[in-house]
Amino acid sequence: MSTIKFSIVVTAIGVIVWAATHWLGIDYAYFAGYTILQLIVLSTAWNILGGYCGYVNFGTAAFFALGAYSTVFWYKFFPMPLPVLIVLGSVVSGIVGLGMGYLTLRLRGAFFSIATLALAVVLQTLVINWDFVGGSRGAYVIHPENFELAGLSVHYIEYLFVLMLVLAVIALVTARTIERSQLGYGFATIRDDELAAEACGVPTLRLKLIATTLSGAFMGMAGAPFPFYIGYLQPQSAFALDYAVNSIAMPMIGGTQSWVGPLIGTIVLGSAQQYATVTISSAVNLLIVGLMLVAFVIIAPNGLLGLFEQLRGRKKP
Amino acid sequence: MTALLHVDNISKRFGGFVALDGIDLEVQPGERLGLIGPNGSGKSTLVNCVCGTLQNEAGNVLFGGEKMDGLAAHQRTHRGLARSFQLPRPFHSMSLVDNLRIPLLYTVHARSGPLRTAADIEARCADLLKMVGLAAKSRQRPRDLTQVEMRKLELARAMAAEPKLLIADESMAGLSHSEIEDILALLRQLNERGITIILIEHIMSAVMSFSQRLAVLVSGKKIADGKPEDVVRNPEVVRAYIGQ
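Protein sequence lines, in the order shown, are assigned to chains A and B.
Using our numbering, you'd call the opening residue of the first sequence number 2 and step up by one each time.
Using our numbering, you'd call the opening residue of the second sequence number 46 and step up by one each time.
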């Protein structure tokens, strides 16, 4: 399927999801849907660097929080429409992603991961000590009750939901386009063998920088609307461990070598989490992630996609 | 005639260990050079310095008259320097076709020339696989290959970059006699197409039959360079290999 066709299909599915949620008419559906869509963007973004290139980033929360705090900053400094803030958030996170790439990409394996974890700690410390964006007290970002455009008025949460739906579509289309392009082949060679990649003429450093920048930008994009969603943003919630763990676990469970993996993983895990939040408690979320991750590492180390491929391979004579 | 590759007095250390100690080497266009030496004599380090995997600390590497020092490995590949690895390093997650597609996309496609469309690239991959006799396995993964097939894939991938100079680093180690003949025939075929070849090898019968010239490294120094028959009779070379 060509990229244009794929974009149309994904957009159509997006519209159907929106229509179905709208038809339900429950605000909670938007809240839950927003969380899952946000995780789709995050895990897809993580997968660009972690799945395609094989560089495991533990700092998702840092990039997400950068996007969120960029919004808080502009909200206080010079209020602008949310779509503009999303662009700004992704630019900030993308630049930090590029910087992080320059500083850390000579490291491999666990050392790279530790460096990204350190980045999250450093950024959180900076934010805690930055009074303008609320410091450790946090900051209120009050959204209007309704979003109005050209005489149309919807609940603000529905507006946020639709925005996040658009971001998810953008992230998925981008990830799939990369996967099938020259860039995607280059990323895969980095994952497989960097030395051999260089010998084949692949400019590995440049490609890795592209990956960290893109990955960071998408994470920031997912974080930018978050202050409006939550209303009160504090460092602990923006830099929460959940984001880092979820954005790694979801692609791992779905399968990291294709754009579908993070999507499937997020839908499975994200829905389970939302269900648990309503029926048991929100604290059980991370337990579910942990248990599922352990189970998948044992049963299907290549995720659901890998498991599916294995089963299909067995059926063939 | 100016040399295609000119290695000028290069040195490389690893901590206190001198791996290369002032090596000079010239390779003419179209030549078949054998490079031999005992284990640990610096052959692979020399290849790594020439190809940019390692950077030499002293001296220069000139390729086609252009200084290579400071250039990354992929930039040297773009200029026409290709290598195969001692232990095959295929891209494990990709099919054989895709393994060959990488140098075509990133090296040949990047130069201005033919290979413009996806179909061109596809056809070129098929040609290369046919040349090394792996056409039937084009959709399989490297893990399905035997040792000799893996070496052939390694050579095909180096060839895919359309190099002027190919450095084959021990591409026959561990192969049977007939398999060695296979690889040698392949290398000769490439040389006939005008590609300069440096063959690094321990198997003397293969080196002797293939090379027009032989260079010998011992402990990071070049101790002999000349006609194969003369070099193997050189007392210093005999001493290095057999001992006194």
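C-beta: ideal position from N, C-alpha, C; glycine also.
With a threshold of 16 other CB atoms inside 10 Å of the CB of residue i, please say whether the residue is buried or exposed.
| i | result |
| --- | --- |
| A:Tyr1 | Residue numbering for chain A in the displayed model covers 2 to 318; residue 1 of chain A lies beyond these limits and cannot be assessed. |
| B:His137 | exposed |
| A:Ser154 | exposed |
| A:Lys317 | Only weak support exists for where A:Lys317 lies, its pLDDT of 49 falling under 50; the value from the coordinates is given anyway. Result: exposed. |
| A:Met165 | buried |
| A:Ala111 | exposed |
| A:Trp47 | buried |
| B:Glu5 | No information on residue 5 of chain B is available, as it lies outside the stretch 46 to 289 that chain B covers here. |
| B:Val283 | exposed |
| B:Leu250 | Note that residue 250 of chain B corresponds to Ser in the displayed sequence, not to Leu. The residue is exposed, with fewer than 16 neighbouring Cβ atoms inside 10 Å. |
| A:Arg313 | exposed |
| A:Ile14 | exposed |
| B:Ser256 | buried |
| A:Asn135 | The residue asked about is misnamed: residue 135 of chain A is Gly in this sequence, not Asn. It is buried - the Cβ of A:Gly135 has at least 16 other Cβ atoms within 10 Å. |
| B:Lys197 | buried |
| A:Glu195 | buried |
| B:Ile68 | buried |
| B:Pro133 | buried |
| A:Ile41 | buried |
| B:Arg238 | exposed |
Can you tell which of the options has its C-alpha closest to the C-alpha of residue i?
| i | options | result |
| --- | --- | --- |
| B:Ala48 | B:Asp114, B:Asn279, B:Leu210 | B:Leu210 |
| A:Ala69 | A:Met222, A:Gly110, A:Ser216, A:Asn130 | A:Met222 |
| A:Phe74 | A:Phe133, A:Thr45, A:Ser137 | A:Phe133 |
| B:Gly104 | B:Asp66, B:Ala285, B:Asp270 | B:Asp66 |
| A:Glu146 | A:Ile289, A:Tyr160, A:Asn286, A:Asn130 | A:Tyr160 |
| B:Gln185 | B:Asn93, B:Leu50, B:Met139, B:Pro133 | B:Met139 |
| A:Tyr53 | A:Val123, A:Leu118, A:Gly15, A:Val261 | A:Val261 |
| A:Leu292 | A:Leu308, A:Met253, A:Leu153 | A:Met253 |
| B:Ala118 | A:Ser238, A:Pro204, A:Met220 | A:Pro204 |
| B:Met176 | B:Met195, B:Lys182, B:Ala201, B:Thr191 | B:Ala201 |
| A:Leu67 | A:Val122, A:Ile299, A:Ile281, A:Val170 | A:Val122 |
| A:Ser3 | A:Trp131, A:Ser182, A:Ser137, A:Lys77 | A:Ser182 |
| A:Gly150 | A:Thr280, A:Pro82, A:Leu104, A:Leu89 | Contrary to the premise, residue 150 of chain A reads as Leu rather than Gly in this sequence. Here the closest residue by C-alpha is A:Pro82. |
| A:Leu206 | A:Ala30, A:Val93, A:Thr105 | A:Thr105 |
| B:Glu194 | B:Leu220, B:Glu207, B:Gln234 | B:Leu220 |
| A:Thr117 | A:Gly51, A:Ser137, A:Val163 | A:Gly51 |
| A:Phe91 | A:Ala172, A:Ser8, A:Ala13, A:Glu180 | One point to set straight first is that residue 91 of chain A is Ser, not Phe, in the sequence displayed. Nearest of A:Ala172, A:Ser8, A:Ala13, A:Glu180 to A:Ser91, Cα basis: A:Ala172. |
| B:Arg58 | B:Ile81, B:Cys94, B:Pro208 | B:Cys94 |
| A:Gly217 | A:Ala21, A:Leu25, A:Val57 | A:Val57 |
| B:Arg156 | B:Leu91, B:Pro208, B:Ile55 | B:Pro208 |
| B:Gly10 | B:Ala285, B:Gln234, B:Leu50, B:Ile68 | The structure shown does not extend to residue 10 of chain B, since chain B is modelled only from 46 to 289, so the question has no answer here. |
| A:Met101 | A:Asp28, A:Ala277, A:Ala119 | A:Ala119 |
| A:His144 | A:Gly202, A:Val11, A:Pro80, A:Leu215 | A:Pro80 |
| B:Tyr151 | A:Ile300, A:Val11, A:Pro226, A:Ala200 | A:Ala200 |
| B:Arg233 | B:Gly79, B:Gly97, B:Val153 | B:Gly79 |
| A:Lys6 | A:Ala250, A:Leu43, A:Thr178, A:Ser44 | A:Thr178 |
| B:Leu231 | B:His154, B:Val92, B:Glu199 | B:Glu199 |
| A:Leu306 | A:Val295, A:Leu264, A:Ala296, A:Gln275 | A:Leu264 |
Report, in whole angstroms, the separation of the C-beta atoms of residue i and residue j, which I expect to be a contact under 8 Å.
| i | j | result |
| --- | --- | --- |
| A:Tyr233 | A:Gly139 | 6 Å |
| B:Arg258 | B:Lys272 | 7 Å |
| A:Ala198 | A:Ile49 | Incorrect: roughly 17 Å between the Cβ atoms, too far for contact. |
| A:Asn303 | A:Gly266 | Not really, about 12 Å apart at Cβ, beyond 8 Å. |
| B:Leu145 | B:Ala205 | 5 Å |
| B:Ser86 | B:Gln131 | Between B:Gln131 and B:Ser86 the Cβ distance is about 14 Å, and since that is not below 8 Å, they are no contact. |
| B:Val277 | B:Pro83 | Going by Cβ atoms, the distance from B:Val277 to B:Pro83 rounds to 14 Å, so no, they are not a contact pair. |
| A:Val174 | A:Ser8 | 5 Å |
| A:Thr12 | A:Val170 | 6 Å |
| B:Asn279 | B:Arg77 | Their Cβ separation, rounded to whole angstroms, is 19 Å, which puts B:Asn279 and B:Arg77 out of contact at 8 Å. |
| A:Ser137 | A:Pro236 | 6 Å |
Tell me whether residue i, by its Cβ, gets closer than 7 Å to a heavy atom of the ligand NAP.
| i | result |
| --- | --- |
| A:Ile249 | For the ligand NAP, the structure offers nothing, since it holds no ligand at all. |
Just to confirm the assignment: which complete beta strand (DSSP E) runs, minimum length 3, are found wholly within the region 170–253 of chain B?
Along the region 170–253 of chain B, the beta strand (DSSP E) occurs as fully enclosed runs of 3 or more residues at 210–214, 241–245, listed in sequence order.
Does the region 210–229 of chain A come within contact of the region 123–130 of chain B, defined as at least 3 CB pairs closer than 8 Å?
no
Pick out the complete alpha helix (DSSP H) segments inside the region 236–273 of chain A, 4 residues or longer, and give them in chain order.
236–239, 242–255
Closer than 8 Å is the cut-off here; do at least three beta carbon pairs connect the region 63–79 of chain B with the region 237–256 of chain B?
yes
Please list the segments of the alpha helix (DSSP H) lying wholly inside the region 15–73 of chain A, counting only runs of 4 or more residues, in order along the chain.
28–48
Continuous alpha helix (DSSP H) assignments of at least 4 residues falling wholly in the region 110–136 of chain B
If we require 4 residues or more, the alpha helix (DSSP H) runs fully inside the region 110–136 of chain B come out as 118–123.
Indicate whether the contact test is met: 3 or more Cβ pairs, each with one atom in the region 168–175 of chain B and one in the region 216–227 of chain B, closer than 8 Å.
no
Quick test of the definition: if touching needs 3 or more C-beta pairs under 8 Å, does the region 106–126 of chain A touch the region 56–64 of chain A?
yes
Three or more C-beta pairs closer than 8 Å, one from the region 268–276 of chain A and one from the region 21–38 of chain A: is that the case here?
yes
Within the region 58–96 of chain B, ranges of the alpha helix (DSSP H) (whole runs, at least 4 residues)
88–96
Alpha helix (DSSP H) runs wholly inside the region 173–222 of chain A, at least 4 long, in chain order:
Qualifying alpha helix (DSSP H) stretches, in chain order: 183–193, 195–200.
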